[in-house]
Structures are given as C-alpha cells and as structure tokens.
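Here my numbering is used: position 263 in the sequence shown is 263, and no number is missing along the way.
Built from N, CA and C at the ideal position, the CB exists for glycine as well.
Below: the structure, in structure tokens.
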Amino acid sequence: MFELTELPIDSTALRAKLARPEAGACVVFEGWVRNHHLGQPVNELHYEAFDVMAKLEGDAIVTEIEHRYPGCTVLCVHRTGALRVGELAVWIGVASPHRQAAFLACRRGIEEIKRRLPVWKKEHHPDGAAEWVNCTTEAASRGPKSADYYARQSALPEVGATGETQLANARVLVVGLGGLGCPAALYLAGAGVGQLTLVDSGKVELSNLHRQILFTTDDLGAPKAEAAVDALRARNPFIQLEALATEFAAQNARTLVAGRTVVLDCTDNFATRFILHDACFSAGVPLVQAAVHRFEGTLDVFRRGSGGCLHCLRQNRSVAELDAAAGNCSGGAVFGPAVGVLGTLQASETLKIILGRETAETFRQTHLINLLDCSVLSIAREANLNCPVCGRVETASSGAARTTSASADTPVMLEAAELAALGPVRLIALLDAGETFDPSRAVAGTLSLPMSDIAQLREMTATTETVVLTCRRGVRSAALARLLRAEGRADIYAMAAGSPAIMAAP
Ligand SMILES: [Zn+2]
C-alpha cells in the first residue's frame, strides 16, 4: 500500500500495520530531512505532489515490488508540505517470511520511489533563499556528469562528439538475456546506447549464473528482463532502459523490431531466430546474430541487400535439425567465456553500425570462433540466387544480371541419398582442435585434415574430382565448402549429417 500524508509519520504505528504471523523479518527505511545538501545548509524542506498522480505511481511501485518478491508485504508513506530538519519524509517497510527478500524489496522500494515518484522538493536555506531541487534529471540529458561517464570513450577519434550523439540517438533491441545477451547488453549500456530494450520471458535460475553475468543469487526467480535492467541502471543512469518480460514471437515481432537502429539476436533456438531474422529483414533493420555450442560460436551480421541471409545458411534443413546441429537445448553444455566473447562481439558489431564504422564485409561474412584453439575463421556468406528471401531482393535492388558459377546455385549441404547419387567422390574429413579420426568408421578412402589448415585443404581440393567435405556436426564443413565455392571451386559439397568417424575431445 502507498500513502501520501501531510501529517507527521508515526513509524511505530506503521510497523504495527505490517505485523503478521508468517513474517520472519521486517526491514524498514526512514528518509529524514537533513541540514545540508550539496554543501549548502538547509533548515526546511517543502514537498509538493499532484496527489492523484503520485498515488497512482506509488501504488504501481508497491504492486510491482510485491509481484517481484512474492510473500513480501510493502507499505510506503511519503509526506508532503513543510518539514523541519530531523523529520521523517519517507517511510518504507517490508514484512516477509525471509530476511533476504525483505531487504531486497525494501532497497528496490527506496530506489523506485526516489526515481519515479512525482514529488517535488524545495530547499529552504538559513539565509532565507529557497530553490527547487531534482526538478531536472541528469539522467535524461547528457550534462557535465555524463560527459565524465563517457570521457574515455569519446576520446576515441572514431567516436568523438559526433559518435556520442549517434549513440545517444540509437534505439537497440536485445532479444534473449542469456549468456550472449548479458555481456552484449552490458557493453551497449556502457557505451551509452540511448534507448535499450531487453526482451526475455525467462526467469533467473541457479544454472544461469556461471555465464549470465548481469545476474546474482539475489535475482534467482526474478524475470530476467527486469533483473537485467536493474543491473544496467546501476551501471549507467544516463540511458533509457526498457524491460519486456515477454516472449518474442511472430505476433509481436514486427512491433518490437520497428524503428530500431540495430537488433541483437541472443536467443538459443532457431524457431525464434527465423522470426527475428525475417522481421528485421522486412523492416530493413540490421541484425547481429550469434550462437554458441560448447567452446565454439558463430557470428553473423545480416542486412537486407548485403550478403546471404539466414535462409541461405539453412540449406533446406528443418528448425529441429538446425537446433540439433547447433546443440541448442535448455540443458546444453556451455563454456562460459565462449558466450562472453560472442556476446561482446555482438555489442562491438552493433556499436560499429551505430557509429557508421561498418564495412561491406561486415554483412558478408560468417565468423567461426573457437575458444579451444583461440582461432577465428571468417568465411564469405554470399547471397544464394535461389534463396527465396535474399536472392530475390538482391536481384531486384541491383537490377543487374548476376554472374555466378553453376555450383553456387546448388545446395552445399547434401543428405546421404543425394551424396550417393554423385557417384565417386573425394571425401575429406575436417578435424577441429582436439578431435580424432577413426578411419574404420568412415567411408573407405576418406582423407583427414586439420580444419585450420586451409592452405592444405585448397591443395587437396584442387582436383577435377567432385569433393565432399565432412566434419563432426556438418556445420563447419559446409562453411568451408561455401568458402571454396566462393573462390571458384565448383563441385564441392558437405555432408549434412556430419561424420561418425570424427570423435570429440574427451
Ligand atoms: Zn538468403
């Protein structure tokens, strides 16, 4: 419950109101009038509020806190009128079965009342002068303090005053606040992206904390979007943050994507990825996408009219097959720093686009990053003429005939039956760091090669034979087959299913 009162606050009576048998803790905050502010003596404060508005906002704050911390009962009273030094201006009490929840709920109440309650304060000084305080929020404008905040960033010649304005005007959407979304949002907020909207319908779980760096044990059970906004607000008070604890889906995709400067895909499943990709594609909004499996990740920046799209990479595979290939599942194994690196790269690519520092290559490459051998492999992601999504757009927008080799029109990834139809081929098994190859489980004559040895691969594929590449899961071999096709090597394919002869590191 929230109350406004012109009468002195009776804290004993308020505490009695909170008493209940199931409560094991009561945390109380009292805000007192002090005799100084910003180095000036103060002898009286005058609080004014538009009662209806203040009551509505106060009730909303209390309701939100009780919802966020189930079992807590919150009571908040704010005084208005003239108050002398030592008098109680604000009283917030929380009763709860557990002390930790009571403490967190009370602290949140203090912050939200200070930040949101429409109550104005006039200071009276002993010399008779008086002034309104906190009428303008520094957070809303890039005043002297925010200049200090961004000092080390604006010192970059690539940023400067122009860049700071570009960042302040940017509107960025982050979908998914897991291992990728946390570091991405952290650096975007730190860089001063003016409006940052975070979407995630999930709640913080204990198994998230080893990699989802915005959350602590205090956040367990809290909606991720809200907990993330709290953490970011504490780091940068100069930006607008919006938490949407809702599922990103086909129904709200267009609305959420509309008007954004850049969108980040930090989700962990291909069903959502395609919805997000297609919404960004139709709105013409750049999409920065990353995915991580164990120690390796991929980074793609998509933009309509530049390079291949997510459908080009799909190669006729179903969403379930893509999820299986990428190891997507809620219980999947993840190396914490891998999502940290990829999420940070997503923030970096986003900031470059906002600052106009992107290049044509930004939108035409897939980067494969492996933390086991600390390697980065960048592969051209050309648009496929046959792609029902981007192929058509590029042809229409360029208006020119595209020249392409015959093999570029045929899918790179082949299923076993299609492979058999090719006749005799040269099979090459590509081994990632730490992987081993068991010839007895492979098709006779299969050659093996470390994946990082691109020069050797070029040599081995410089034959007139049809070449089929394979790797453990089928993803990287397809990327390398595309790379070689882009270099002009026709008749090269990859096995969609991957190879059972390649074993992961123990
Ligand atoms: Zn495409």
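Can you tell me the Cα-Cα spacing of residue i and residue j, whole angstroms?
i	j	result
Phe2	Val62	7 Å
Pro97	Val204	21 Å
Leu209	Val475	29 Å
Thr395	Thr255	Below a pLDDT of 50, predicted positions are generally treated as unreliable, and Thr395, at 39, falls in that range; the measurement from the model is reported next regardless. Distance between the alpha carbons of Thr395 and Thr255 is about 28 Å.
Leu371	Ala23	49 Å
Gly498	Ala151	50 Å
Ala442	Ala421	18 Å
Gly109	His37	22 Å
Gly86	Ala245	41 Å
Leu419	Met495	8 Å
Ser398	Gly305	At Ser398 the pLDDT is 40, less than 50, meaning the model places this residue with poor confidence and gives no usable figure here.
Asp268	Leu480	24 Å
Arg68	Arg489	58 Å
Gly160	Tyr493	47 Å
Gly332	Val175	19 Å
Leu4	His78	5 Å
Glu66	Cys76	12 Å
Pro223	Thr165	31 Å
Val263	Leu287	5 Å
Ala324	Val90	55 Å
Glu123	His46	7 Å
Ser440	Glu415	21 Å
Ala444	Ala501	11 Å
Val193	Asn169	7 Å
Ala19	Cys26	8 Å
Ile213	Phe248	22 Å
Ile9	Gly284	56 Å
Phe437	Glu111	58 Å
Ala408	Ala417	With a pLDDT of only 47 at Ala408, under the threshold of 50, the placement of this residue in the model should not be trusted; the figure read from the coordinates follows. For Ala408 and Ala417, the distance between alpha carbons rounds to 20 Å.
Pro118	Glu57	8 Å
Phe295	Ile379	19 Å
Gly179	Leu7	50 Å
Leu206	Leu188	25 Å
Ala478	Leu167	37 Å
Ala13	Gly93	11 Å
Arg107	Ala338	34 Å
Lys17	Lys145	42 Å
Asn316	Thr366	18 Å
Trp32	Gly336	45 Å
Would you kindly report the start and end of the unbroken alpha helix (DSSP H) that includes residue i?
i	result
Val339	336-354
Gly58	51-68
Ala536	The question about residue 536 has no answer, for the chain in this structure spans 1 to 506.
Val319	319-326
Asn252	250-257
Ala151	151-154
Leu310	310-314
At what residues does the beta strand (DSSP E) containing residue i begin and finish?
i	result
Leu449	447-450
Leu377	375-380
Ile492	492-495
Ala227	Premise fails: Ala227 lies in the alpha helix (DSSP H), 224-235, not in any beta strand (DSSP E).
Leu173	171-175
Ile275	Premise fails: Ile275 lies in the alpha helix (DSSP H), 270-283, not in any beta strand (DSSP E).
Thr267	Counting along the chain, Thr267 falls outside any beta strand (DSSP E), and DSSP gives it neither H nor E.
Glu548	One cannot answer for residue 548 here, as it falls past the ends of the chain, which runs 1 to 506.
Glu418	Counting along the chain, Glu418 falls outside any beta strand (DSSP E), though it belongs to the alpha helix (DSSP H) covering 416-421.
Leu287	287-293
Leu220	Neither: Leu220 is in no beta strand (DSSP E) and is coded neither H nor E.
Phe363	Careful: Phe363 lies outside any beta strand (DSSP E) and carries neither H nor E.
Val301	296-302
Thr5	2-5
**Prompt:** Which runs of the beta strand (DSSP E) fall wholly inside the segment 181-215 and span at least 3 residues, in chain order?
**Reply:** 195-199
**Message:** Contact between the segment 272-281 and the segment 218-232 is defined here as three or more beta-carbon pairs at a separation below 8 Å; is this criterion met?
**Reply:** With the cut-off at 8 Å, the segment 272-281 and the segment 218-232 do not touch.
**Meets three-Cβ-pair contact criterion under 8 Å: the segment 120-135 and the segment 51-60** = no
**Request:** Specify whether the segment 176-184 and the segment 346-361 touch according to this definition: at least 3 beta carbon pairs, one from each stretch, less than 8 Å apart.
**Result:** yes
**Message:** Which runs of the beta strand (DSSP E) at least 3 residues long sit entirely within the segment 71-142? Give them in chain order.
**Reply:** 73-79, 81-84, 88-96, 119-124, 130-133
**Prompt:** Is it true that the segment 39-49 meets the segment 102-114, where meeting means three or more beta-carbon pairs spaced less than 8 Å apart?
**Reply:** no
**Message:** Across the segment 294-313 and the segment 439-459, are there enough close Cβ pairs to call them in contact, namely three or more that are closer than 8 Å?
**Reply:** no
**Message:** Does the structure place the segment 279-296 close enough to the segment 257-269 that three or more beta carbon pairs sit under 8 Å?
**Reply:** yes
**Runs of beta strand (DSSP E) lying entirely within the segment 13-47, each at least 3 residues, in chain order** = 25-32
**Asked** What beta strand (DSSP E) runs, 3 residues minimum, are completely inside the segment 460-494?
**Response** 467-470
**Asked** Counting Cβ pairs closer than 8 Å, one from the segment 455-475 and one from the segment 425-432, do we hit at least three?
**Response** As far as the Cβ criterion goes, the segment 455-475 touches the segment 425-432, which means the pair count is three or higher.
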